[in-house]
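Chemist: At the far end of the sequence shown sits residue 120, using the working numbering, and the numbering has no gaps.
We treat Cβ as the ideally placed atom computed from N, Cα and C, and that holds for glycine.
If you're wondering where the values come from, they're calculated on a predicted model, not measured in any experiment.
Dumping the structure here so I can ask a few things about it.
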Amino acid sequence: MQPEYRSQIDPKYSKKIESVVRHAPRGPAGGAGGAGGAGAEGEAGTACPVCGAAGLAAADLHCASCEAYLPFCIATGLHIVKEDLTACPECDFPAIYSEFTE
19 MQPEYRSQID
29 PKYSKKIESV
39 VRHAPRGPAG
49 GAGGAGGAGA
59 EGEAGTACPV
69 CGAAGLAAAD
79 LHCASCEAYL
89 PFCIATGLHI
99 VKEDLTACPE
109 CDFPAIYSEF
119 TE
């Protein structure tokens, strides 16, 4: 915590804030390593549905190979996968079939 902000924080909260700031973020299973909110889903490598370039993170919505902006799944927020594509029957937005049917 920055010294200039210490006086603005209530003393009963300062201990908790300092402990959060000092520790590394935990992964989804409680272990070390991981991207906090992204979790294991954001780190899985998938292929671009437009050009087929491999190694694209599932949470990326822009492909660096073909410069295309990728549509995202309405159920998960991850970019769609060509082999597992469906559309919502109500709004016709794209979705990942396996996640949408859960």
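With C-beta atoms as the reference, is L79 less than 8 angstroms away from F90?
Modeler: Yes, the pair counts as a contact, with Cβ atoms nearer than the cut-off.
Chemist: How many Å lie between C66 and I27 at the Cα?
Modeler: Each residue's alpha carbon lies about 46 angstroms from the other.
Chemist: Which class does P89 belong to by DSSP, given the choice of helix, strand or coil?
Modeler: Reduced to three states, the DSSP call for P89 is coil.
Chemist: Could you please give the first and the last residue of the uninterrupted beta strand (DSSP E) stretch that includes P112?
Modeler: Taken as a continuous stretch (DSSP letters only), the beta strand (DSSP E) holding P112 covers P112 to I114.
Chemist: Cα separation between S25 and Y31?
Modeler: Their backbone Cα atoms lie some 12 angstroms apart in a straight line.
Chemist: Considering only their Cβ atoms, is the gap separating L96 from A76 smaller than 8 angstroms?
Modeler: Yes.
Chemist: What does a CB cutoff of less than 6 angstroms around S83 pick up in its chain, not counting 5 residues either side in sequence?
Modeler: Taken in chain order, the residues that qualify are C69 and A71.
Chemist: Pull up the CB-CB distance for E117 and A93, whole angstroms please, since I reckon it's below 8 angstroms.
Modeler: Between A93 and E117 the Cβ distance is about 5 angstroms, and since that is below 8 angstroms, they are a contact.
Chemist: Mind checking C109: buried by the 16 CB within 10 Å criterion, or exposed?
Modeler: Exposed, by the Cβ-count rule.
Chemist: Could you tell me if T119 is buried or exposed, where buried requires 16 or more neighbouring beta carbons within 10 angstroms of its beta carbon?
Modeler: Flag for T119 reads exposed.
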